[in-house]
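Residue numbers (this note's numbering), protein chains in the order written: chain E, 15 to 390; chain F, 13 to 337.
The next block holds one structure in the form of structure tokens; read it before the comments.
Written out as structure tokens, the structure is:
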């Protein structure tokens with residue numbers, strides 16, 4: 015496709031080489047740019063995280079099916095991408111999630127029950143972003159990438175980039191998906207981040223599907239190459255390989271903290287579940303495709319590696335399984351016990367400084383509500 | 013006491029706010045080296061540096077969206093939207109993020125952002141440069157919306173808006189930027205930001221206005237006085253929250269109310285005022301509340317904008333009609 019005057023058109027996504035450190039078969043492979051040594055403890059930690067997060071997801075899906083949640087956005091299949099990205103963070107780094115970042119929330123110490131509360135309709139996000147350095151879930155697609163970029167510009171102004179102090183230098187992660195890559199906000203975030211050399215890592219989980227639309231509807235070129243047009247590097251990593259995702263994210267964060275600017279990571283993965291619990295993927299995709307990706311399962315490959323190399327025994331695996339059961343039981347119990355909010359509080363949350371207008375409307379509501387109580 | 017234009021008063025107010033709090037940052041298109049297309053930020057980048065006065069890429073959603081992130085990091089961004097008609101690319105960020113983050117986070121996240129918008133017509137501009145989008149922001153819970161009408165208020169209100177912990181849409185009557193000159197007493201005690209004000213007392217009918225139409229109403233009141241009719245003029249100053257206490261008080265005395273704004277009348281701020289005044293002052297009203305505003309057409313080409321904009325004659329005509337009931 016070379017035009018005689020304009021030159022070659024970009025090719026339509028021939029699969030480029032992924033950064034991979036652990037094959038789907040559980041073979042440890044090496045990569046010249048991102049080789050890393052992982053301790054046995056670290057590897058077992060990744061395994062534990064992924065198993066628990068998968069259980070969190072399955073449990074939440076079941077709670078939705080039982081009518082306890084209004085909705086749930088499933089992460090099934092994306093555990094490695096999220097745990098790799100989450101565990102690569104330094105405590106001072108800040109994360110801006112989508113609404114599917116349950117694995118990253120886990121790494122940031124957000125209690126899974128807080129996620130349930132949002133999808134149950136009890137609140138719209140009840141963790142303290144400042145306590146966890148983890149922003150609230152953002153439902154408008156891509157909006158948070160600008161917040162991340164602005165936050166990173168604030169970090170620059172605070173003088174916390176390139177000081178050389180690993181406990182102070184700070185990076186910001188903007189999560190988004192393949193669908194969001196078409197949004198204006200994401201592209202504007204790329205422009206601003208590049209223009210100001212902001213310490214932000216754009217972490218795109220390309221799970222191949224934006225509800226029913228395949229990745230090909232969003233882009234003619236591999237996603238990671240989008241960054242080149244904006245003037246910063248991009249890289250594609252096997253998003254089902256927790257080791258590679260961790261290594262690449264860690265290097266990208268370090269690069270940002272040092273003041274070398276933004277970077278785009280495309281974590282190549284697959285949404286094994288539905289978009290959310292209201293979606294029916296059998297209407298738009300082939301089960302063959304799903305079966306193919308089952309062979310690339312992020313947890314199975316690490317389990318094979320751990321067992322084959324004597325890094326985990328039956329006792330450890332049973333221990334993690336029991337921990338997952340306990341997590342599931344706790345989530346069910348605490349989800350049922352979540353109290354409904356009080357309508358009275360609505361008006362208190364609108365502004366930092368409540369207006370007389372809202373106070374009057376609140377009083378009117380209270381009087382109305384009280385009139386029912388008197389009757390009953 | 014200094015004599016200043018409205019533009020100069022805003023510039024001085026911004027400068028004072030930046031001196032008082034080093035977390036205040038200004039962002040927008042052309043706000044740095046150029047000092048803004050209206051020169052409102054003139055000289056600020058030179059004195060405060062380009063980390064605090066930021067010339068941004070040309071993307072309004074990007075400006076407001078990154079300002080959200082800066083606010084979350086503890087800054088107080090003052091965003092300039094170059095013209096009213098260019099705010100819409102940022103509309104999603106303003107309505108879905110800026111306005112809702114405090115509510116969504118149960119008060120844990122504050123967005124102390126000021127979004128400055130030069131608004132209104134009368135400058136002979138091309139399309140998208142003369143609009144009055146205030147009702148869309150007043151209709152959005154979580155935002156506060158104010159409009160200044162004179163240099164003294166501009167100087168104080170911009171500082172108060174920056175100091176507020178909530179997001180404030182700050183509307184500036186662009187056609188008065190360089191024409192309205194007045195004494196500004198920098199040391200005078202400031203009236204609260206969220207209060208409207210009687211700017212000319214009167215007894216026969218009440219005129220309510222904000223931003224550019226305040227001076228139109230004051231002129232109308234002067235002419236009416238020559239004809240023996242005493243009009244009270246109220247400058248709303250704040251549109252969200254709406255402070256109608258002085259309006260109710262006035263209408264209870266005059267029994268007649270005309271609301272004047274450049275925005276389209278349908279579902280405009282005047283419609284809300286008519287509804288509330290009817291609820292509060294039903295038995296005092298001698299006539300229906302009347303509205304004088306922009307027609308329900310898109311803003312017209314500049315050669316005929318004077319027909320679109322409320323002027324002295326249309327205001328006085330509405331006053332006459334309230335006496336016809």
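Just so it is clear, CB atoms sit at the ideal spot from N, CA and C, and this is done for glycine as well.
The model shown is predicted, which means the values in this text are computed figures rather than measured ones.
Buried or exposed: where does residue i fall if 16 or more other Cβ atoms within 10 Å of its Cβ makes it buried?
i              : result
residue 282(E) : buried
residue 58(F)  : exposed
residue 315(F) : exposed
residue 219(F) : buried
residue 318(F) : exposed
residue 201(E) : buried
residue 336(F) : exposed
residue 110(E) : buried
residue 41(E)  : exposed
residue 298(E) : exposed
residue 92(F)  : buried
residue 19(E)  : exposed
residue 199(E) : buried
Between which two residues does the alpha helix (DSSP H) carrying residue i extend?
i              : result
residue 336(E) : 328-350
residue 217(F) : Not the alpha helix (DSSP H): residue 217(F) falls in the beta strand (DSSP E), residues 217-221.
residue 289(F) : 281-293
residue 219(E) : That residue, residue 219(E), is in no alpha helix (DSSP H); its beta strand (DSSP E) goes 214-220.
residue 126(E) : 126-134
residue 278(F) : Where residue 278(F) is concerned, there is no enclosing alpha helix (DSSP H), given that its DSSP letter is neither H nor E.
residue 30(F)  : 18-32
residue 312(E) : 312-322
residue 100(F) : Taken as a continuous stretch (DSSP letters only), residue 100(F) belongs to no alpha helix (DSSP H), as it is neither H nor E.
Does any residue of chain F bring its CB to less than 8 Å from the CB of residue i?
i              : result
residue 236(E) : no
residue 177(E) : no
residue 232(E) : no
residue 209(E) : yes
residue 85(E)  : no
residue 27(E)  : Low confidence applies here, because residue 27(E) scores a pLDDT of 47, under 50, leaving its location unreliable; read the following figure in that light. False, the Cβ-Cβ gap to chain F never drops below 8 Å.
residue 146(E) : no
residue 138(E) : yes
residue 171(E) : yes
residue 111(E) : no
residue 251(E) : no
residue 127(E) : no
Is the Cβ of residue i closer than 8 Å to any Cβ of chain E?
i              : result
residue 333(F) : no
residue 122(F) : yes
residue 9(F)   : The structure shown does not extend to residue 9(F), since chain F is modelled only from 13 to 337, so the question has no answer here.
residue 115(F) : yes
residue 24(F)  : no
residue 84(F)  : yes
residue 191(F) : no
residue 204(F) : no
residue 102(F) : no
residue 258(F) : no
residue 46(F)  : no
residue 108(F) : yes
residue 219(F) : no
Let's see if you can read the secondary structure: which residues bound the beta strand (DSSP E) around residue i?
i              : result
residue 252(F) : 250-252
residue 191(E) : 186-191
residue 128(F) : 126-131
residue 252(E) : 248-252
residue 306(F) : 302-306
residue 159(F) : 156-159
residue 282(E) : 277-282
residue 38(F)  : 36-40
Report, in whole angstroms, the separation of the C-beta atoms of residue i and residue j, which I expect to be a contact under 8 Å.
i              : j              : result
residue 94(E)  : residue 64(E)  : 6 Å
residue 124(F) : residue 185(F) : Wrong, their Cβ atoms sit about 24 Å apart, outside the cutoff.
residue 28(F)  : residue 171(F) : 6 Å
residue 128(E) : residue 140(E) : 5 Å
residue 245(F) : residue 212(F) : 4 Å
Across the segment 198-208 of chain F and the segment 141-151 of chain F, are there enough close Cβ pairs to call them in contact, namely three or more that are closer than 8 Å? no
Decide if the segment 259-266 of chain E is in contact with the segment 228-236 of chain E; the criterion is three or more beta carbon pairs, one per stretch, under 8 Å apart. Of all C-beta pairs linking the segment 259-266 of chain E to the segment 228-236 of chain E, fewer than three are shorter than 8 Å, placing the two stretches out of contact.
The segment 53-69 of chain E touching the segment 325-338 of chain E, judged by at least three CB pairs closer than 8 Å: yes
The segment 182-197 of chain F touching the segment 13-24 of chain F, judged by at least three CB pairs closer than 8 Å: yes
Taking one C-beta from the segment 59-66 of chain F and one from the segment 96-103 of chain F each time, how about it: are there three or more such pairs within less than 8 Å? Contact between the segment 59-66 of chain F and the segment 96-103 of chain F is absent, because fewer than three Cβ pairs lie under 8 Å.
At least three beta-carbon pairs within less than 8 Å, the segment 238-251 of chain E to the segment 301-308 of chain E: no
Taking 8 Å as the threshold, find out whether the segment 233-241 of chain F comes into contact with the segment 253-271 of chain F through three or more Cβ pairs. no
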